[in-house]
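Structure first, then comments.
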Amino acid sequence: MKTVFVLFDSLNRHLLGCYGGTRFPTPNFDRLAARAQVFDKHYVGSLPCMPARRDMQTGRLSFLHRSWGPLEPFDNSFPEILKQNGVYTHLVTDHYHYWEDGGATYHNRYGSYEFVRGQEADAWKAMVQPPWERFKELFHASQYSEEGKYKHYMINREFIRDEADFPSVQCFKHGYEFLDANRDADNWLLQIETFDPHEPFYAPERFKRPFQTGYNGPILDWPRYGKVDELPAEADELRANYYATVSLCDFLLGELLDYFDAHDMWKDTALVVTTDHGFLLGEHDFWAKNRMNMYEEIVHIPLFVHDPRDPGPRRVAKLTQTMDVAPTFLDLFGVATPSEMEGKPLLGPDARQAAIFGYFGGAVNVTDGRYTYHRFPENIPDQKIFQYTLMPNHMNRRFTAEELSTATLQPPFGWSKETPLLKIPVIERSPMYFNYGPGALLEKDTRLYDLAVDPGQEKPIRDVAVEERLIAAMTDLMSANEAPPEAFERLQLDKS
Numbered sequence: 005m006k007t008v009f010v011l012f013d014s015l016n017r018h019l020l021g022c023y024g025g026t027r028f029p030t031p032n033f034d035r036l037a038a039r040a041q042v043f044d045k046h047y048v049g050s051l052p053c054m055p056a057r058r059d060m061q062t063g064r065l066s067f068l069h070r071s072w073g074p075l076e077p078f079d080n081s082f083p084e085i086l087k088q089n090g091v092y093t094h095l096v097t098d099h100y101h102y103w104e105d106g107g108a109t110y111h112n113r114y115g116s117y118e119f120v121r122g123q124e125a126d127a128w129k130a131m132v133q134p135p136w137e138r139f140k141e142l143f144h145a146s147q148y149s150e151e152g153k154y155k156h157y158m159i160n161r162e163f164i165r166d167e168a169d170f171p172s173v174q175c176f177k178h179g180y181e182f183l184d185a186n187r188d189a190d191n192w193l194l195q196i197e198t199f200d201p202h203e204p205f206y207a208p209e210r211f212k213r214p215f216q217t218g219y220n221g222p223i224l225d226w227p228r229y230g231k232v233d234e235l236p237a238e239a240d241e242l243r244a245n246y247y248a249t250v251s252l253c254d255f256l257l258g259e260l261l262d263y264f265d266a267h268d269m270w271k272d273t274a275l276v277v278t279t280d281h282g283f284l285l286g287e288h289d290f291w292a293k294n295r296m297n298m299y300e301e302i303v304h305i306p307l308f309v310h311d312p313r314d315p316g317p318r319r320v321a322k323l324t325q326t327m328d329v330a331p332t333f334l335d336l337f338g339v340a341t342p343s344e345m346e347g348k349p350l351l352g353p354d355a356r357q358a359a360i361f362g363y364f365g366g367a368v369n370v371t372d373g374r375y376t377y378h379r380f381p382e383n384i385p386d387q388k389i390f391q392y393t394l395m396p397n398h399m400n401r402r403f404t405a406e407e408l409s410t411a412t413l414q415p416p417f418g419w420s421k422e423t424p425l426l427k428i429p430v431i432e433r434s435p436m437y438f439n440y441g442p443g444a445l446l447e448k449d450t451r452l453y454d455l456a457v458d459p460g461q462e463k464p465i466r467d468v469a470v471e472e473r474l475i476a477a478m479t480d481l482m483s484a485n486e487a488p489p490e491a492f493e494r495l496q497l498d499k500s
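Take the sequence shown: its letter number 135 is residue 139 in the working numbering, and every next letter is one higher.
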């Protein structure tokens with residue numbers, strides 16, 4: 005078996021033509037849909053970026069125990085398991101979070117890897133005295149700063165001018181180099197992963213040209229997470245830049261499909277294309293993710309699978325999640341799935357009745373494919389939650405001594421392979437608290453939606469019978485995940 009896994013970041017399902025999108029053309033996603041299995045009820049698990057990748061690599065949910073962090077010493081990892089079973093695994097990515105404190109154990113699980121520099125706030129090029137006055141004129145005030153992530157982005161753009169310079173373009177270029185050298189060999193998995201269309205929405209000019217809005221202000225391609233408070237022209241410009249970046253992704257996917265055609269790879273090579281989560285572009289009066297309820301635009305994501313053993317286009321209606329990625333790749337290569345994995349092979353007969361998903365410290369959310377139920381703690385600031393880890397790193401820094409000062413030793417969970425863990429109380433001064441943790445939430449009210457009559461989730465409903473059924477499903481799935489006792493207590497649930 006040979007496999008190519010394409011992973012985009014923040015790719016909105018509802019904008020793709022094959023999923024009903026009409027705002028702009030996505031001919032190559034549609035072209036892939038015409039010859040692959042298209043999953044219609046594919047959902048996230050843990051969010052945001054690295055928690056989603058932990059689910060994908062390990063085949064189990066992590067958000068009930070841990071926020072953003074590295075792979076743990078006891079975690080299963082599908083590329084490592086494949087490597088141990090004679091399958092060569094190679095990662096090409098510009099997703100710089102892999103090289104931060106909170107992601108530094110992921111890429112090392114592959115047989116080899118390549119890191120393309122320059123996306124977003126990647127601390128890439130050294131510029132001791134940046135041209136601040138020029139930058140201040142060039143960039144919108146909302147994304148100008150002389151320190152932190154905006155500083156790095158402004159500097160990175162100085163070195164990304166021609167189309168060939170763009171990190172996503174380079175990712176696919178390196179992917180073709182791997183394929184040119186190895187496509188006639190057997191037993192390999194290539195993961196081409198690009199940060200696009202994640203913000204900031206920066207694409208070559210030819211992709212922006214079809215989406216001109218008449219906006220004449222400074223560069224505005226990075227929406228701030230939270231409520232929409234921009235002028236209408238500014239909001240239109242932000243959306244246009246996202247559309248341009250998705251168009252770039254569509255083009256790059258099309259080149260890969262051309263490569264499959266030219267080398268007749270469809271007959272012996274699997275192709276899996278998906279994303280980690282979506283992104284709000286003003287829907288529900290919000291930008292982005294993390295801060296608000298987990299609406300469909302964020303959690304209902306695209307998935308395409310071409311299996312050379314069973315080719316042919318079809319729509320797949322069963323409910324699936326990101327944690328199903330790991331057992332799927334193991335299954336493609338005939339490798340047994342570890343008992344700790346909760347996910348099921350996407351290409352198998354198993355169908356789940358419900359799926360839970362969420363951010364650490366926020367609501368626990370559940371869907372059965374028809375309804376979504378979002379259950380928040382009654383008092384988020386006072387909730388008792390703990391991080392369970394042997395790798396006390398946040399996104400881009402270590403846990404502080406203050407955070408660790410009250411840590412205790414937690415006996416092993418079933419999934420930690422007889423390994424005790426640090427049990428670390430979450431405090432408000434934690435670096436994650438107001439970024440992607442409990443303090444970031446702008447919406448905190450429990451609600452139920454009927455997607456059949458309200459796909460846009462505009463009007464929460466009250467239906468006691470449905471709510472009770474989904475609460476029971478949520479409780480069962482949390483128990484199956486071995487969620488800690490406080491995960492039930494904070495939501496006032498009786499552990500099953």
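Every residue, glycine too, gets a C-beta built ideally from N, C-alpha and C.
Scanning the stretch 283–338 for uninterrupted beta strand (DSSP E) segments of 3 residues or longer gives 290–292, 307–310, 318–325, listed from N- to C-terminal end.
Judged by DSSP secondary structure, G362 falls within the beta strand (DSSP E) whose first and last residues are 359–363. Counting along the chain, I85 sits inside the alpha helix (DSSP H) bounded by residues 82–88.
By DSSP's assignment, P429 forms a beta bridge with F390. Apart from the 5 residues on each side of it in sequence, Q195 sits with its Cβ closer than 6 Å to the Cβ of F9, L95 in its chain, given in chain order. With a cutoff of 7 Å on beta-carbon distance, A330 and T7 are scored as not near each other. Residue pairing from DSSP places V277 in a beta bridge opposite V10, F308.
In this structure, F283 sits near S14, with a CB-CB distance shorter than 7 Å.
In the structure shown, D44 adopts extended strand secondary structure according to DSSP, grouped into three states. N294 sits close to Y440, with the two beta carbons spaced by under 7 Å. One Cα belongs to A411, the other to I431, and the distance between them is close to 12 Å.
Here A185 is exposed. Its C-beta has fewer than 16 other C-beta atoms within 10 Å. Taken through DSSP and simplified to helix, strand or coil, I223 comes out as strand. E104 is a Cβ neighbour of N400, given a cutoff of 7 Å. Under the 10 Å beta carbon count, G122 is surrounded by 16 or more other beta carbons and is classified as buried.
In the DSSP assignment, T249 falls within the unbroken alpha helix (DSSP H) covering 236–266. For Y377, the uninterrupted beta strand (DSSP E) segment begins and ends at 375–379. One thing to note: P222 has its Cβ within 7 Å of the Cβ of H144. Here T62 is not near D34, since their CB atoms are 7 Å or more apart. The beta carbons of Q325 and Y117 sit no closer together than 7 Å. Between the alpha carbons of R27 and F12 lies a distance of about 20 Å. A check of alpha carbon separations from Y219 across N245, F139, A444 identifies N245 as the nearest. The three-state secondary structure of L350, taken from DSSP, is coil. In the DSSP assignment, E118 falls within the unbroken beta strand (DSSP E) covering 116–119. By the C-beta density criterion, R64 is buried, having at least 16 other C-beta atoms within 10 angstroms. Along the length of the stretch 118–196, whole alpha helix (DSSP H) runs at least 4 residues long occupy 136–142, 152–161, 171–186, reported in chain order.
With distances taken between CA atoms, R210 lies nearest to F255 out of F255, A456, E300. For L95, the enclosing beta strand (DSSP E) begins and ends at 92–97. Between P396 and L413 a beta carbon distance of about 13 Å is seen, past the 8 Å cut, so the two are scored as non-contacting. Contact between E181 and V173 is ruled out by a C-beta separation of about 13 Å, above the 8 Å threshold.
A check of alpha carbon separations from D44 across A487, A321, P459, G286 identifies A321 as the nearest. For R451, no alpha helix (DSSP H) run applies; the uninterrupted beta strand (DSSP E) run containing it begins and ends at 451–454, by DSSP. DSSP places G443 in the helix class (H, G or I) of the three-state scheme. By the neighbour-count criterion, in which a residue is buried when 16 or more other Cβ atoms sit within 10 angstroms of its Cβ, S251 is buried. For Q496, no beta strand (DSSP E) segment is defined, and its DSSP state is neither H nor E. Taking each of M327, D354, N369 in turn and checking the Cα distance to F361, the smallest one comes out for N369.
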